[in-house]
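Each remark here refers to the structure printed beneath this line.
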Amino acid sequence: MTKRFEGKAALVTGAASGIGRASAFRLGSEGASLILADINIEGAQTVAAAIRETHGVCATAIRFDAAVPASCRDMVDRSVEILGRLDVLLNIAGIFDWNHFADFSDEAWDQIIGVDLSSLFHISKRAMPHLLKTKGNIVNASSTAGIKGQAYCAAYCAAKHGVVGLTKSLAIEYGGKGVRVNAVCPGGIQTALSDKVPWIDSFDPQLLALLNSKLNGGAMAEPEEVAAIFAYLACDEAKYITGATYAIDGGQLAG
Ligand SMILES: NC(=O)c1ccc[n+]([C@@H]2O[C@H](COP(=O)([O-])OP(=O)(O)OC[C@H]3O[C@@H](n4cnc5c(N)ncnc54)[C@H](O)[C@@H]3O)[C@@H](O)[C@H]2O)c1
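Residue 1 is where the sequence shown starts when you use the numbering used here, and the numbers rise one by one after that.
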């Protein structure tokens, strides 16, 4: 395999699990030096050790809490200190929850908006001076819920639409300065996060049936399939792609 990230330094958030884990593995397999940032430090350390052993690249785990702005900023500073540079930022850490809108607590709203949207502002702002130096790029995790409405997840849907808006705004503002910014919109990927989806069955079986009927053959995708898109958008082959939103959703957004 061509090593598209040889000599590059990448920061991956949410790297302890699911899509973030698979993306860190993918970039490591192609030569990137890595920071794996997550609130689950034991999980991130385990993944970092496995990447070092399998691919022989530098991979370091850092604990941070995406809900806390100062923690986001410190994490970026420590990452650049360790890596010495920053070429790629993958903002993948995220949380998800369903509830009836009327039952959504203030705390749940703030937590989901904080982790799934505001953290991308704090992390990207702190990382931008370093990405300007390397003419690097950012790839953000949005969702099918960032493109169309989804019942029972108002906060998640608002946050993921916000991620698309942030992505497009930064792509335009920084395009002339050589920094690309893109978003991936997954739907129906087999991870710990998507294990929460069947909850909806308890209060709206018809909606779950509708969601499932739109997945390609009813099957979910593996995180590695999403990681391949993160890696493509982050590498130089995608140098003409910025401000884009790439769906990987088994056709859910097609109609
Ligand atoms: N799985 C899907 O079907 C799907 C669909 C659409 C979008 N996404 C998005 O993809 C991204 C990755 O999700 P996943 O499916 O791999 O889920 P996952 O639960 O397997 O991984 C999420 C990671 O984020 C970390 N995290 C959670 N809260 C954090 C916090 N406060 N600070 C730092 N790290 C924190 C978790 O520890 C975990 O390692 C998320 O942004 C999610 O919204 C996933």
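Glycine is no exception: its CB is placed at the ideal position from the N, C-alpha and C atoms.
Everything numeric in this text was worked out from a predicted model, so none of it was measured.
Cβ-Cβ distance between residue i and residue j below 8 Å
i	j	result
S23	I92	yes
S79	V57	no
D87	R126	no
V164	T46	no
I41	R63	yes
G94	A141	yes
Y174	V184	no
F5	V139	no
A67	A44	no
Proximity to residue i [Cα-Cα], best of the options
i	options	result
I39	G20, A49, G187 and Y232	G20
L224	E53, M75 and S29	One point to set straight first is that residue 224 is Glu, not Leu, in the sequence displayed. Ranking E53, M75 and S29 by Cα distance to E224 puts S29 first.
A219	K148, I189, T46 and D110	I189
M75	E237, Q111, A50 and H122	H122
L11	R4, N99 and A59	A59
Q206	T242, C157, A159 and A151	A151
D103	A154, D65, R85 and T242	A154
Those residues which DSSP pairs with residue i across a bridge
i	result
C185	A247
N137	V88 and R180
D38	R63
V12	L36 and L90
A221	I189
Whole-angstrom C-beta distance between residue j and residue i, which should lie under 8 Å
i	j	result
A227	R26	4 Å
L170	S124	7 Å
A234	N137	6 Å
L120	L166	6 Å
Residue i Cβ short of 7 Å to ligand 1 heavy atom set
i	result
N182	no
F306	An answer regarding residue 306 cannot be provided, because it is not within the stretch 1 to 255 covered by the chain.
L193	yes
S17	yes
P129	no
P69	no
G20	yes
S143	yes
D74	no
I113	no
A66	yes
I62	no
Any non-hydrogen atom of ligand 2 closer than 7 Å to residue i Cβ
i	result
A93	Judged by which ligands are present, ligand 2 is missing from the structure shown, whose ligands are ligand 1.
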